[in-house]
Structures are given as C-alpha cells and as structure tokens.
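Using the numbering used here, you'd call the opening residue of the sequence shown number 45 and step up by one each time. The beta carbon of each residue, even a glycine, is placed where N, CA and C say it ideally should be.
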Amino acid sequence: MFAFSGVLTLLSYCPPKPKKKIVMLLSTMHRRGDTTETVRLPDMVQFYNETKNVVLIRLINYAIATLYPDVRGVGH
Numbered sequence: 045m046f047a048f049s050g051v052l053t054l055l056s057y058c059p060p061k062p063k064k065k066i067v068m069l070l071s072t073m074h075r076r077g078d079t080t081e082t083v084r085l086p087d088m089v090q091f092y093n094e095t096k097n098v099v100l101i102r103l104i105n106y107a108i109a110t111l112y113p114d115v116r117g118v119g120h
C-alpha cells in the first residue's frame, strides 16, 4: 500500500510467504506507486535492495573517518 503526501511517499509492503515481515519505507525520491513486473516488487523495495550495501559502506567510511581521522575506510 502506498501513501502520498507532498514530496513524501510511504510504502507498506508484505512480502510473500514464508517471510512474515512487513517492510515500511519512506522516500522523498519516489513519486509514484510503480512495481516491477518481472519480480513483482514495488520499485522502492527494489531500489533499496540494490543500494543498501553502498549506503552501508558510506556510513562505515563516515564513522571511521569521524572516529579515526588517520585511518582509511572500507574500499579505499
């Protein structure tokens, strides 16, 4: 289910069984409730899955640079 308010899009997604989780995402980048036909996932979920590792590496690098300015981060 999608909810739209100005520049915000909220998604509540329940993946197929056996996963019994509810995924909630809030986005300022996605403006429509599109789904990908090939994998039947909302575009917001697919985008998150494709980019979560990049974001995690950037957060780790930021934390390392903040705490230990003389040490190089992951992937450098």
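Please report how far the alpha carbon of residue i lies from the alpha carbon of residue j, in whole angstroms.
i	j	result
residue 89	residue 70	10 Å
residue 46	residue 114	45 Å
residue 103	residue 110	10 Å
residue 48	residue 106	32 Å
residue 95	residue 62	24 Å
Looking at residue i: is its Cβ nearer than 9 Å to the Cβ of residue j?
i	j	result
residue 52	residue 72	yes
residue 67	residue 59	yes
Assign residue i to one of three DSSP states: helix, strand, or coil.
i	result
residue 57	strand
residue 68	strand
Please classify residue i as buried or exposed, where buried requires at least 16 neighbouring CB atoms within 10 angstroms.
i	result
residue 55	buried
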